[in-house]
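The sequence shown runs 1 to 472 under the UniProt record's numbering. Take a look at the structure below.
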Amino acid sequence: MFISGRSPQSVLQEDLEIDDLAYLRFIATDVDYSKKLVTANFFGLVKRIAVYNPALGSALVYGDNANALDRPHPNHPPWGNAFELSRHTGRDCRYPEHREVNVDCPPWPLGSGNPCRNDEQNLNSTALPMEGILKLNASTLDGGGGFVEEARLDSLAPVLDWAFAEPDPKHLRRTRAVVVLYQGKIVAERYAPGFDQDMPLPGWSMAKGVVNALVGILVGQGKLNLNSPALVPEWQRQGDPRREITLDQLMRMTSGLEFSEKAGNPFSDVVQMLFTTPDAAAYAANKPLTATPGTCWNYASGTTNLVCRIIRHTLGDADYRQFPHQALFEPLGMGSARFESDASGTFVGSSFLFATARDWAKFGLLYCQDGVWMGERILPEGWVHYSTTPKTTDRQYGAHFWLDIQQKNRTMDLDKSLPADAFHAIGYEGQCVSIVPSRQLVVVRLGLTRKSSAWRQDQFLSLIVTALAKND
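As structure tokens, then:
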């Protein structure tokens with residue numbers, strides 16, 4: 001709400017009081033805009049408070065930690081979210097119906113501004129040539145490069161219609177944003193009513209891909225070693241077998257730690273870690289081993305938050321809070337990106353990162369270009385290859401990136417038709433950034449798909465690949 005600029009009514013009616021969460025309508029909510037607090041109260045029996053920080057997002061309050069988020073803000077541009085945009089433009093931009101594009105924002109991809117037209121179908125295009133790496137010049141930023149061919153836009157329009165259609169009223173897709181990059185250009189873009197190009201949306205587990213980038217940068221700087229034992233204080237007792245777990249094993253989800261990842265079960269580890277504990281990394285660190293490290297794969301959000309705390313200990317608190325912005329978001333012009341921390345001050349890298357669809361597309365483009373952005377190497381050479389190379393018999397996962405679309409989000413026969421080098425950052429409820437370097441293709445899809453079978457990312461990608469091929 002504070003980050004995306006949506007009204008409380010919109011969040012309640014469109015996100016929370018739907019499908020199997022309809023019972024949440026019995027929870028009373030109160031929003032204090034002056035203190036930036038949201039309170040949820042279940043008949044006085046259970047009460048929870050979340051507090052918002054303009055730079056760090058929101059976090060649940062445990063005991064007397066409401067002031068814990070009152071920290072120095074990382075340097076970030078003033079168009080970062082709806083409240084900051086309101087202050088910058090003098091307009092009330094908190095709600096979509098009042099928000100206008102900030103004309104002072106640099107054009108995409110330097111910022112989130114729009115250097116191109118918006119036609120009636122909300123299909124946007126911008127001429128940004130990609131020749132191995134993205135190269136910009138004054139004429140390009142002024143729109144001098146012209147528009148993407150009309151034939152290509154026309155061929156993608158039916159694909160966007162498919163993405164936003166609701167063929168089954170019992171299993172709604174709820175697609176909210178789609179951005180397609182091809183050869184360095186935005187060739188298609190569409191938003192559901194009430195959502196737009198300036199609205200940051202949650203990526204859920206797509207945030208794990210961002211953690212991959214932060215680790216890669218530190219590895220390139222020589223500050224982290226993938227093959228060294230992970231420095232986790234809880235594991236340093238003599239004889240503790242967890243001392244042998246490496247950073248690489250945490251990145252690849254092969255730590256051997258016990259962890260249940262069932263978002264629909266309130267007693268599962270992922271729900272308990274995210275919503276009932278002030279320190280997500282400590283929760284994960286206290287899980288026992290169920291397998292020898294490096295021998296089996298188990299998707300576990302807790303390991304990502306351990307990695308985030310390792311980054312924090314490596315950099316120190318002051319540099320840590322600045323690091324995602326200075327090392328990644330600012331170079332890419334991801335001004336909307338907000339990495340939320342837990343009550344302990346550690347970024348919840350498993351789940352809590354907001355960004356606009358266009359900024360998610362920039363992140364995908366960085367990986368599509370082997371970690372190079374505008375001629376500058378952001379990720380060390382070979383890092384994308386490392387991230388997309390499996391090490392276990394379960395070849396669907398690399399290092400915080402999916403190499404295959406999860407079975408619940410794919411149609412088996414279509415999945416085999418996708419380019420072999422495709423990889424994905426995938427998040428809860430159908431969030432996805434799909435990256436296909438061989439086709440110079442990045443596809444972002446954001447939504448609220450409660451029934452995983454309602455959205456088939458592989459089918460969507462296949463339709464896009466086919467449509468683009470017709471005009472090449």
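Here a beta-carbon is modelled for each residue, glycine too, at the ideal position from N, C-alpha and C. Quick caveat: nothing in here was measured; it's all calculated off a predicted structure.
At which residues does the beta strand (DSSP E) containing residue i begin and terminate?
i: residue 321; result: Taken as a continuous stretch (DSSP letters only), residue 321 belongs to no beta strand (DSSP E), being part of the alpha helix (DSSP H) at 317-324.
i: residue 32; result: 28-32
i: residue 434; result: 431-436
i: residue 59; result: 57-60
Measure the C-alpha to C-alpha separation of residue i and residue j and round it to an integer number of angstroms.
i: residue 36; j: residue 56; result: 13 Å
i: residue 296; j: residue 43; result: 44 Å
i: residue 303; j: residue 154; result: 44 Å
i: residue 220; j: residue 379; result: 7 Å
i: residue 383; j: residue 46; result: 46 Å
i: residue 14; j: residue 26; result: 15 Å
i: residue 167; j: residue 175; result: 12 Å
i: residue 18; j: residue 245; result: 41 Å
i: residue 120; j: residue 173; result: Residue confidence is low: residue 120 scores 33 on pLDDT, short of 50, so the model does not pin down where it sits. No coordinate-derived value is stated.
i: residue 164; j: residue 203; result: 18 Å
i: residue 233; j: residue 270; result: 21 Å
i: residue 440; j: residue 338; result: 27 Å
i: residue 280; j: residue 53; result: 19 Å
i: residue 290; j: residue 38; result: 38 Å
i: residue 86; j: residue 323; result: The pLDDT assigned to residue 86 is 40, lower than 50, so where the model puts this residue is not dependable, and the model offers no usable value.
i: residue 229; j: residue 259; result: 20 Å
i: residue 385; j: residue 464; result: 24 Å
i: residue 214; j: residue 315; result: 12 Å
i: residue 400; j: residue 435; result: 14 Å
i: residue 222; j: residue 371; result: 17 Å
i: residue 282; j: residue 7; result: 34 Å
i: residue 10; j: residue 250; result: 37 Å
i: residue 326; j: residue 368; result: 21 Å
i: residue 29; j: residue 422; result: 42 Å
i: residue 466; j: residue 406; result: 21 Å
i: residue 108; j: residue 320; result: 27 Å
Which whole-angstrom value is the C-beta distance of residue i and residue j, which I expect to be below 8 Å?
i: residue 179; j: residue 357; result: 5 Å
i: residue 300; j: residue 261; result: 6 Å
i: residue 205; j: residue 350; result: 7 Å
i: residue 418; j: residue 461; result: 6 Å
i: residue 4; j: residue 340; result: Rounded, the Cβ-Cβ distance is 13 Å, inconsistent with contact.
i: residue 403; j: residue 388; result: 6 Å
i: residue 373; j: residue 331; result: 6 Å
Going by DSSP, what residue range makes up the alpha helix (DSSP H) through residue i?
i: residue 37; result: Premise fails: residue 37 lies in the beta strand (DSSP E), 37-42, not in any alpha helix (DSSP H).
i: residue 476; result: Residue 476 cannot be examined here, being either before or after the span of the chain that is shown, 1 to 472.
i: residue 425; result: Careful: residue 425 lies outside any alpha helix (DSSP H), inside the beta strand (DSSP E) at 423-427.
i: residue 232; result: Element bounds for residue 232: n/a, residue is neither H nor E.
i: residue 46; result: It is not in any alpha helix (DSSP H) - residue 46 instead sits in the beta strand (DSSP E) that spans 46-53.
i: residue 443; result: Careful: residue 443 lies outside any alpha helix (DSSP H), inside the beta strand (DSSP E) at 441-447.
Complete alpha helix (DSSP H) runs within the stretch 347-394 (minimum length 4 residues, chain order) = Whole alpha helix (DSSP H) segments, 4+ residues: 357-368 and 383-387.
Segment contact, 8 Å Cβ cut-off, at least three pairs: the stretch 179-190 with the stretch 201-217 | Taking a cut-off of 8 Å on C-beta distances, the stretch 179-190 does not touch the stretch 201-217, as fewer than three cross pairs fall below it.
Does the pairing of the stretch 265-280 with the stretch 236-256 give three or more beta-carbon distances under 8 Å?
-> Output reads no: the stretch 236-256 does not touch the stretch 265-280.
Every unbroken alpha helix (DSSP H) within the stretch 155-228, with a cutoff of 4 residues, ordered by chain = Annotation note: the stretch 155-228 contains the following uninterrupted alpha helix (DSSP H) runs of length 4 or greater, listed N- to C-terminal: 207-220.
Taking 8 Å as the threshold, find out whether the stretch 425-440 comes into contact with the stretch 451-470 through three or more Cβ pairs.
-> The answer is yes - the stretch 451-470 touches the stretch 425-440, with three or more Cβ pairs under 8 Å.
Per the contact definition of three or more C-beta pairs closer than 8 Å, is the stretch 359-367 in contact with the stretch 430-449?
-> The count of Cβ pairs closer than 8 Å, one atom from the stretch 430-449 and one from the stretch 359-367, reaches three, so the stretches are in contact.
Is the stretch 191-203 in contact with the stretch 342-359, if contact means three or more CB pairs nearer than 8 Å?
-> Put simply, the stretch 191-203 touches the stretch 342-359. At least three CB pairs are less than 8 Å apart.
Can at least three beta-carbon pairs, one atom from the stretch 329-348 and one from the stretch 303-314, be found at a separation below 8 Å?
-> Short answer: they touch.
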